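Some notes on the structure that comes next.
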Amino acid sequence: LKTNYNHVGSGLLTAFTERWQPETGTFHLPIGEMTITLDDVSCLLHIPITGKMLNHAGTSCTMEEGQDMCEELLNFSREDAQEEFDKMKGAHVSFAKLLEIYHDNLNLALAA
Numbered sequence: 001l002k003t004n005y006n007h008v009g010s011g012l013l014t015a016f017t018e019r020w021q022p023e024t025g026t027f028h029l030p031i032g033e034m035t036i037t038l039d040d041v042s043c044l045l046h047i048p049i050t051g052k053m054l055n056h057a058g059t060s061c062t063m064e065e066g067q068d069m070c071e072e073l074l075n076f077s078r079e080d081a082q083e084e085f086d087k088m089k090g091a092h093v094s095f096a097k098l099l100e101i102y103h104d105n106l107n108l109a110l111a112a
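Just so you know, we're using the UniProt record's numbering here: the sequence shown kicks off at 1 and counts up by one.
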């Protein structure tokens with residue numbers, strides 16, 4: 001991995017470390033609250049954003065196990081899970097699909 005920065009001062013790292021708020025994922029600075037996104041890091045360090053968002057190497061599950069988890073934990077039918085797995089080429093669920101599932105489940109809970 002190559003970046004344009006050969007050395008980052010320990011004072012800068014310490015300052016950001018002290019101001020990091022893990023609960024909100026932001027930095028609290030004297031000028032206000034600031035969020036650094038993955039795109040910001042990519043632009044600043046010239047690191048390309050490629051590949052899968054999460055890589056759980058060595059922790060994969062079978063399609064059947066994935067369907068079981070989707071059904072049990074996400075209230076997501078086995079058929080819908082299999083359709084998503086086919087699209088994702090493995091026992092994976094896209095972030096967009098997770099967002100859709102959570103919104104659907106939230107609406108069901110609010111309607112109850």
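We treat Cβ as the ideally placed atom computed from N, Cα and C, and that holds for glycine.
Everything numeric in this text was worked out from a predicted model, so none of it was measured.
Distance CB(T26)-CB(E18) smaller than 7 Å: Along the sequence shown, one-based indexing puts residue 26 at 26. Along the sequence shown, one-based indexing puts residue 18 at 18. Contact flag unset, no.
Which residues DSSP lists as bridging T26, in chain order: In the sequence shown, residue 26 corresponds to position 26, counting from 1. Paired residues: Q21.
Beta-ladder partner(s) of E33, from DSSP: As a working mapping, residue 33 is identified with position 33 in the sequence shown. Partner(s): H28.
Contact between the region 96 to 107 and the region 72 to 81 (3+ Cβ pairs under 8 Å): A contact exists between the region 96 to 107 and the region 72 to 81.
Rounded separation between V93 and L108 - CA only: Within the sequence shown, the letter at position 93 stands for residue 93. Within the sequence shown, the letter at position 108 stands for residue 108. When rounded, the distance between both Cα atoms is 21 Å.
Simplified DSSP assignment, three categories, for residue 113: With the chain covering only 1 through 112, there is no way to say anything about residue 113.
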